[in-house]
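A.B. asks: My questions will all concern the structure given below.
Following this line, the structure appears as structure tokens:
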């Protein structure tokens, strides 16, 4: 690390004396890789320490030298459980902070811009045109504020549908295998739940009812659903207060029925673990999640749940919304060499070897490839001793350059990239719309607190729907939700060109 910091200081001094310049200029003036700028980027970690971090960092940097990249990388594992706190501190450290980071599970593009944590990337568009041509145009807009690109969306399907997964042995027992891998009706779904509960009342069947796809809304990227588009945003021009709609009431009544029927885990408001964990522990027999294909959903369950074989039922159609753009990568406002950071960011999106170092580590050391191009732990290696996190390829800029890990689905990523150009896929009319709540900040903060107080209790069926909804909506009105909806509609109309 001391050598890296000396190299950074040398390059910074060179750039101060010569004025701002690109990484390419710096490389031309200094062909010594030890004096190239060093970019600090976060890597995903469960503990904050990865035993083979230095080995992988060295291998990555050797490759960067071999392609004359003009930039070196300093990988910084951040413990996932404490990541938000660590990132906030790093983003305020102008001397030893972070240069490249992602906003997933941390913040939103709008909040980062308002907090002056990131820089705009538009000036690099001519230098790295390929970076702006990877995904559909509307996807890039989801990471813009006031027309400026502050974040690059991370590769994903950018759309999905709701699925329900169930243990195969139970699906066979209750006689619903003929519906597996098919799109089923709401009545068929309810029949499956009822039969499963009758056969195994000791298990729960729904672990998270806060699923926007199944509810049929585009929440415009905001988890508190203050202002949404119905019909998942397809051909929708009007933003509504979801909490006063007939649709929300009907869903709450369904959730209350699910609770009364025993489908939820006991004490659901205090048991907020992951569905896959509950299935493995023998607490749940199934649950809902979102996927871009049935094959992907099955592969995901196979990777996450080892002691049961799972089957998949599709509940609705593929739709892309703002909330299906799950991640984006950014250059911090404290970055001392944004040109170098942008160079590394471009390579993370476009260079297969660079992308695989981050997502998989070193071939032969942390993973091996089979004859189908799928990645697996080497013999004698597992998650406890691999020394690198291979379970979160979605965390990085372009997981599609990697190899499918711990699955036999060789089309895992090619199916994902096919979503970007499939003419049958539908997208919300608001795809790319980014609401800036600055003009109604106080109202938004107050309404968010109200949502936190009432919504989950309603969705987990823990309260009387009529009385709770009445109080819920009264407080939302008092706290200014109508002003928020008005401001959202104004900005949305401008986005639509009205």
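In my numbering, the protein residues as written are -5 to 492.
For every residue, glycine included, the Cβ atom is placed at its ideal position computed from N, Cα and C.
Check whether the Cβ atoms of residue 454 and residue 263 sit closer than 8 Å, and answer yes or no.
C.D. replies: yes
A.B. asks: I'd like to check one pair, residue 475 with residue 316: are the Cβ atoms closer than 8 Å?
C.D. replies: no
A.B. asks: Can you say whether residue 127 is buried or exposed, counting buried as having 16 or more other CB atoms within 10 angstroms of its CB?
C.D. replies: exposed
A.B. asks: Can you tell me whether DSSP reads residue 87 as helix, strand or coil?
C.D. replies: coil
A.B. asks: Tell me, to the nearest whole angstrom, how far the beta carbon of residue 278 is from that of residue 354; I am working on the premise that it is less than 8 Å.
C.D. replies: With 8 Å as the limit, residue 278 and residue 354 do not qualify as a contact, their Cβ atoms being about 30 Å apart.
A.B. asks: Who does residue 322 pair with in a DSSP beta bridge?
C.D. replies: 147
A.B. asks: What residue range does the alpha helix (DSSP H) around residue 233 cover?
C.D. replies: That residue, residue 233, is in no alpha helix (DSSP H); it is neither H nor E in DSSP.
A.B. asks: So which of 47, 175 and 463 has the shortest CA-CA distance to residue 292?
C.D. replies: Residue 292 has its Cα closest to that of 175, out of 47, 175 and 463.
A.B. asks: Taking the alpha helix (DSSP H) that residue 188 falls in, what are its first and last residues?
C.D. replies: 180 to 193
A.B. asks: With H, G and I counted as helix, E and B as strand and the rest as coil, what does DSSP make of residue 484?
C.D. replies: For residue 484, the three-state secondary structure derived from DSSP is helix.
A.B. asks: From residue 214 to residue 314, what distance separates their C-alpha atoms?
C.D. replies: 11 Å
A.B. asks: Please classify residue 439: is it buried, with 16 or more other beta-carbons within 10 angstroms of its beta-carbon, or exposed?
C.D. replies: Classification for residue 439: exposed.
A.B. asks: My output table needs one value for residue 111: the three-state DSSP class, helix, strand or coil.
C.D. replies: coil
A.B. asks: Could I get the ranges of all uninterrupted beta strand (DSSP E) runs contained in the segment 263 to 344, with 3 residues as the minimum, in chain order?
C.D. replies: 280 to 285, 304 to 308 and 322 to 325
A.B. asks: Do residue 359 and residue 370 have their C-beta atoms within less than 8 Å of each other?
C.D. replies: no
A.B. asks: Does the Cβ-Cβ distance between residue 339 and residue 81 come in under 8 Å?
C.D. replies: no
A.B. asks: From residue 44 to residue 392, what distance separates their C-alpha atoms?
C.D. replies: 21 Å
A.B. asks: Would you say residue 425 and residue 86 are within 8 Å of each other, going by their C-beta atoms?
C.D. replies: no
A.B. asks: Check for me: the beta strand (DSSP E) holding residue 73 runs from which residue to which?
C.D. replies: 66 to 73
A.B. asks: Contact between the segment 179 to 194 and the segment 281 to 290: three or more CB pairs below 8 Å?
C.D. replies: no
A.B. asks: Look up residue 219 in the DSSP assignment and say whether it is helix, strand or coil.
C.D. replies: coil
A.B. asks: What beta strand (DSSP E) runs, 3 residues minimum, are completely inside the segment 410 to 483?
C.D. replies: none
A.B. asks: Spatial neighbours of residue 492 within its chain, please: C-beta separation below 6 Å, excluding the five flanking residues on both sides.
C.D. replies: Cβ neighbours of residue 492 beyond the five flanking positions: none.
A.B. asks: Check the DSSP bridge columns for residue 363 and list the partner residues they point to.
C.D. replies: DSSP output for residue 363 lists 369 as bridge partner(s).
A.B. asks: Count Cβ pairs between the segment 50 to 65 and the segment 26 to 34 that sit closer than 8 Å; are there 3 or more?
C.D. replies: yes
A.B. asks: So for residue 196, helix, strand or coil by DSSP?
C.D. replies: coil
A.B. asks: Where does residue 39 fall in DSSP's three states?
C.D. replies: strand
A.B. asks: Quick check: the Cα distance between residue 71 and residue 463, rounded to an integer number of angstroms?
C.D. replies: 44 Å
A.B. asks: With respect to 7 Å, is the separation between the Cβ of residue 336 and the closest non-hydrogen atom of the ligand ATP below this value?
C.D. replies: In terms of ligand content, the structure shown is empty, and the ligand ATP therefore cannot be addressed.
A.B. asks: State whether the segment 367 to 381 contacts the segment 244 to 264, with contact taken as three or more CB pairs (one from each stretch) at a distance under 8 Å.
C.D. replies: no
A.B. asks: To which residues of the same chain is residue 187 closer than 8 Å at the C-beta, ignoring the five residues directly before and after it?
C.D. replies: 199, 200, 252, 255 and 257
A.B. asks: On a Cα-Cα basis, can you pick out the residue from 465, 485, 202 and 276 that is closest to residue 238?
C.D. replies: Of the listed residues, the one whose Cα sits closest to residue 238 is 465.
A.B. asks: Hey, quick one: how far does the beta strand (DSSP E) through residue 159 stretch, first residue to last?
C.D. replies: 155 to 161
A.B. asks: Evaluate the contact criterion for the segment 472 to 489 versus the segment 216 to 228: three or more CB pairs, one atom per stretch, below 8 Å.
C.D. replies: yes
A.B. asks: Within its chain, find whatever has a CB closer than 7 Å to the CB of residue 383; leave out the 5 residues flanking it on each side and keep chain order.
C.D. replies: 38, 39, 40 and 44
A.B. asks: Going by DSSP, name the residue or residues bridged to residue 212.
C.D. replies: Beta-bridge partners of residue 212 (DSSP): 223.
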